[in-house]
Amino acid sequence: MQLEAGLSDEAVLHELGARLGQLRLDRNLSQQQLADEAGISRHTLMRLEAGHSVTLSALVRVLRALDLLQGLETLVPQPLPSPLQQLEHQSGRRQRASGSRRKRTDPQRDDWRWGTP
Numbered sequence: 472m473q474l475e476a477g478l479s480d481e482a483v484l485h486e487l488g489a490r491l492g493q494l495r496l497d498r499n500l501s502q503q504q505l506a507d508e509a510g511i512s513r514h515t516l517m518r519l520e521a522g523h524s525v526t527l528s529a530l531v532r533v534l535r536a537l538d539l540l541q542g543l544e545t546l547v548p549q550p551l552p553s554p555l556q557q558l559e560h561q562s563g564r565r566q567r568a569s570g571s572r573r574k575r576t577d578p579q580r581d582d583w584r585w586g587t588p
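With this note's numbering, letter number 49 in the sequence shown gets 520, and the count goes up by one each step, no holes.
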């Protein structure tokens, strides 16, 4: 089933739970093994896989245990800066190096001229 805007919350939760359950089975993990690895109770995992509401923290723990946490980056991407913010950021960048400026501490070198010994 495709997750679409027209689905009810219950249908979305049920589909996500079914997908997580199938991923667990594909990795040959029991509910107890995954729950232990995620640091949640088996009952919480059962509720999640059955499509019932669980805490967001429990979902994140299960995703981490299944090595799927990077999928949240796609789910909620970082907001991009506006074009105006990008322009302001670029205008503050240095365009060239100024070179090093050392103070001369050797007075003999300050008096040096071409042709002098």
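Beta carbons are placed, not taken as given, at the ideal position from N, Cα and C, and that holds for glycine. On a predicted model such as this, the values are computed, not experimentally measured, just so you know.
- A straight-line Cα-Cα distance of about 27 angstroms links P548 and T515.
- If the five residues before and after L484 are omitted, its C-beta is found closer than 8 angstroms to the C-beta atoms of G522, H523, S524, all from its own chain and listed in chain order.
- Taking each of Q557, L478, R535 in turn and checking the Cα distance to A506, the smallest one comes out for R535.
- Around the beta carbon of E481, a 10 Å sphere encloses fewer than 16 other beta carbons of the protein chains shown; the residue is thus reported as exposed.
- A straight line joining the alpha-carbon of I511 with that of L478 spans about 28 angstroms.
- In the DSSP annotation of this structure, H523 is not part of any alpha helix (DSSP H), being labelled neither H nor E.
- Rounded to the nearest whole angstrom, the C-alpha separation of A509 and G492 is 14 angstroms.
- Q502 sits in a helix when the DSSP states are folded into three classes.
- Within 10 angstroms of the beta-carbon of E520 lie 16 or more other beta-carbons, which makes it buried.
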